[in-house]
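Heads up: the sequence shown begins at 1242 in this note's numbering, then just goes up one per residue.
One structure is given here, and the rest of the page talks about it.
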Amino acid sequence: MSSKNDLFGRRSFLKTGGMAAGLGLFTDLEAYPQNVNRNSKPSDLKITDMRIAVLSQNRGQGGGGGRGGGGRGGRPANAPTGGQAYPAPAGRGGVLGGQILVRIDTNQGISGYGEMYNGGVPPYALMLKSRILGENPCNVEKIFRKIKQFGGQARQGGGVTAVEQACWDIAGQAYGVPVHQMLGGKYRDKVRMYSETPVRSDDPKEIGKDLKARAEMGFTMLKTDLGAEEILRGTPGTFQAPMDGPWGGGDTVENYMTAYELTEKGCALVADYVGQVREIMGMDIPLAFDHFGHLGINSLIKLGRALQKYNPAWLEDMVPWYRTEEWKTITDALDVPTLTGEDVYLAESFEKLCQARAVDYIHPDPAVTGGCLELKKMGDLAQRYSIGMMVHCASTPIGYIAGVQAIAATENFIAYEWHQPEMPWYKDISDAWPLVKNGYIDVPMKPGMGVKVHEEAIRPLCRQGEFFTDATTQWDSQRGWDRTWS
């Protein structure tokens, strides 16, 4: 209801402006003060500072094993019965080097947050500070075009991505709308999640029990790692290798340099392992597989064919994403979907893969892509070639919501990864908890990213010199010649 003073103000305006506009003007005036954000002047916004928080992954976490990392541990005592948190594995399942949050501050007291891909390092973001100081954060694309040359594939894309996300967060707050509205509006009110089990066990039935429990919690798609070496270790006649491992994520040698090959017996035993998982969880819910080991392409095809009878939802990252010809050979040889792309920076990097229809799904990560708009562009690009988009993620709730905002504005989308394990402190660092409800994340409708960050809860997770209050003035001055042409 309007106040008396409001009415007098309108009458004065009508007298000075005349009545020529008629009664319709009065109706417009009723709406005007309800739709204007009086808390900021977007055109006058300037970036004044950038700070970071490096979240140490050893705070508040338990141990455990993981395929391709520190061995195979038993099933955690707190496996899911109602959505409780999981301790972090000591190996590959844990986050490399910590997660890094980026905060950008402005001259109007509005701050925005972004998150780098786990395992990145602070300079990936901090070197960009001198390039964006004084810029209007609402000019997101201008800033992105200025800094995108300093990003790269995988973790090297994290700095540019976090800065772009933080700018969208500020712009949304300044204009009083959620980020997805600035990206073109939303296609959905909630985002479907698929869940990966953190359980590592020699007993496939234990894996099946955990996956079945996740389905009962509301997840409609599931995934598990399927490290062939771990399953077959100690069984003669199952694989051939001219050298000792490792086969897992610690091996930096690409597949074609290893000469690791499975035998028919080995493929059959891996398939039998999957069969025992399926026996417990059933065949109705989609189940995908990841982390096969650094196998040669012929063994990957042979293994994929052995798995076909269990109808995998997809086979993930069998070879590096940029090996387009190898991906096409694998995809054409199998009757199950293939997927890759969690390390891809910039939408244009997917062009060759999509043009060749070398995979069935792309799988970008919101903390790598280059930002929210790039994630949307990736979905749009794949859609032109009738390739679906899944979305990878292994972030904090702050990073997850950035992905949700972009996914909400993208038509081409199937499911978003809820990467396990959950960290005990996830619930404390923002107001976005519980994040996943019955297998979905609700799309926030508050301005910006729609998340309130609790910085004081983040402080204990950071080492000295790596929290938002620590100055970054040494990065204020630009070093180097940015122009890429003469």
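Glycine included, C-beta positions come from ideal geometry on N, C-alpha and C.
DSSP state of residue i mapped onto helix, strand, coil
{"i": "A1712", "result": "coil"}
{"i": "F1654", "result": "coil"}
{"i": "S1718", "result": "coil"}
{"i": "R1292", "result": "strand"}
{"i": "T1402", "result": "helix"}
{"i": "Y1428", "result": "coil"}
{"i": "G1449", "result": "helix"}
{"i": "I1345", "result": "strand"}
{"i": "L1503", "result": "strand"}
{"i": "Y1358", "result": "coil"}
{"i": "S1442", "result": "coil"}
{"i": "G1339", "result": "coil"}
{"i": "S1297", "result": "coil"}
{"i": "S1281", "result": "coil"}
{"i": "S1727", "result": "coil"}
When the options are compared against residue i, the one with the closest alpha-carbon
{"i": "P1527", "options": "L1544, A1635, G1355 and Q1549", "result": "Q1549"}
{"i": "L1676", "options": "P1701, E1696, C1703 and Y1641", "result": "Y1641"}
{"i": "G1507", "options": "K1453, R1474 and D1606", "result": "R1474"}
{"i": "M1690", "options": "A1412, D1285 and M1291", "result": "A1412"}
{"i": "L1510", "options": "Y1497, E1470 and M1559", "result": "E1470"}
{"i": "C1379", "options": "D1606, E1502, H1535 and M1423", "result": "M1423"}
{"i": "V1404", "options": "G1355, L1463 and I1293", "result": "G1355"}
{"i": "V1381", "options": "Y1365, V1420 and F1391", "result": "V1420"}
{"i": "F1591", "options": "Q1394, S1284 and D1346", "result": "Q1394"}
{"i": "M1664", "options": "Q1340, M1291, C1595 and L1286", "result": "Q1340"}
{"i": "K1446", "options": "G1425, G1516 and V1609", "result": "G1516"}
{"i": "P1553", "options": "K1464, D1513 and E1583", "result": "K1464"}
{"i": "Q1705", "options": "L1296, S1284 and L1286", "result": "L1296"}
{"i": "L1342", "options": "E1707, V1585, A1588 and D1558", "result": "E1707"}
{"i": "K1383", "options": "Q1596, C1408, S1352 and S1371", "result": "C1408"}
{"i": "V1692", "options": "T1504, D1669 and T1581", "result": "D1669"}
{"i": "P1477", "options": "F1460, T1504, A1649 and M1458", "result": "T1504"}
{"i": "L1369", "options": "R1720, S1727 and P1439", "result": "R1720"}
{"i": "T1579", "options": "G1375, V1600, P1638 and T1713", "result": "V1600"}
{"i": "G1361", "options": "A1608, G1426, S1371 and S1718", "result": "A1608"}
{"i": "Q1661", "options": "I1603, D1430, H1633 and F1385", "result": "H1633"}
{"i": "D1444", "options": "E1502, M1522, A1512 and V1518", "result": "V1518"}
{"i": "L1587", "options": "D1573, H1604 and N1348", "result": "H1604"}
{"i": "S1671", "options": "H1695, E1376 and E1652", "result": "H1695"}
{"i": "F1391", "options": "L1575, Y1416 and Y1365", "result": "Y1365"}
{"i": "M1735", "options": "S1352, S1281 and K1282", "result": "As shown, the chain starts at 1242 and ends at 1727. That puts residue 1735 outside it, with no answer to give."}
{"i": "A1574", "options": "A1547, W1659 and Q1414", "result": "A1547"}
{"i": "G1425", "options": "R1372, I1293, M1462 and K1618", "result": "K1618"}
{"i": "G1731", "options": "Y1435, S1442, V1560 and G1449", "result": "Outside the shown range of the chain, which is 1242 to 1727, sits residue 1731, and nothing can be said about it."}
Status (buried if at least 16 other CB within 10 Å, exposed otherwise) for residue i
{"i": "A1698", "result": "exposed"}
{"i": "R1344", "result": "buried"}
{"i": "S1627", "result": "exposed"}
{"i": "S1540", "result": "buried"}
{"i": "V1494", "result": "exposed"}
{"i": "Q1481", "result": "exposed"}
{"i": "Q1715", "result": "exposed"}
{"i": "R1455", "result": "buried"}
{"i": "M1357", "result": "buried"}
{"i": "W1722", "result": "exposed"}
{"i": "N1679", "result": "exposed"}
{"i": "Y1728", "result": "Absent from the structure is residue 1728, since the part of the chain shown begins at 1242 and ends at 1727."}
{"i": "Y1497", "result": "exposed"}
{"i": "D1466", "result": "buried"}
{"i": "G1612", "result": "buried"}
{"i": "K1287", "result": "exposed"}
{"i": "T1610", "result": "buried"}
{"i": "W1674", "result": "exposed"}
{"i": "P1701", "result": "exposed"}
{"i": "Q1596", "result": "exposed"}
{"i": "T1322", "result": "The predicted model places T1322 with a pLDDT of 33, which falls under 50 and marks its position as unreliable, so this point remains unresolved."}
Boundaries (first-last residue) of the beta strand (DSSP E) holding residue i
{"i": "M1434", "result": "K1431 to E1437"}
{"i": "L1367", "result": "Careful: L1367 lies outside any beta strand (DSSP E), inside the alpha helix (DSSP H) at P1364 to L1367."}
{"i": "L1463", "result": "L1463 to D1466"}
{"i": "E1592", "result": "Not the beta strand (DSSP E): E1592 falls in the alpha helix (DSSP H), residues E1592 to Q1596."}
Opening and closing residue of the alpha helix (DSSP H) in which residue i lies
{"i": "R1372", "result": "K1370 to I1373"}
{"i": "E1471", "result": "A1469 to L1473"}
Contact test: residue i Cβ vs the ligand MG heavy atom, cutoff 6 Å
{"i": "D1683", "result": "Among the ligands in the structure shown, none appear at all, so the ligand MG cannot be discussed."}
Worksheet item: Which ranges does the alpha helix (DSSP H) cover as unbroken runs of at least 4 residues, wholly within the stretch 1515-1589, from first to last along the chain?
Response: Here the runs fully enclosed are 1538-1548 and 1565-1574.
Worksheet entry | alpha helix (DSSP H) segments (min. 4 residues) lying fully within the stretch 1380-1426 | Scanning the stretch 1380-1426 from its first residue to its last, the whole alpha helix (DSSP H) runs of 4-plus residues come out as 1381-1388, 1399-1416 and 1420-1423.
Worksheet entry | Minimum length 4: unbroken alpha helix (DSSP H) runs contained in the stretch 1613-1660 | Runs found: 1613-1625 and 1638-1649.
Worksheet item: What residue ranges within the stretch 1675-1702 form continuous alpha helix (DSSP H) runs of no fewer than 4 residues, ordered along the chain?
Response: Those alpha helix (DSSP H) runs which fall completely within the stretch 1675-1702 and span 4+ residues are 1696-1699.
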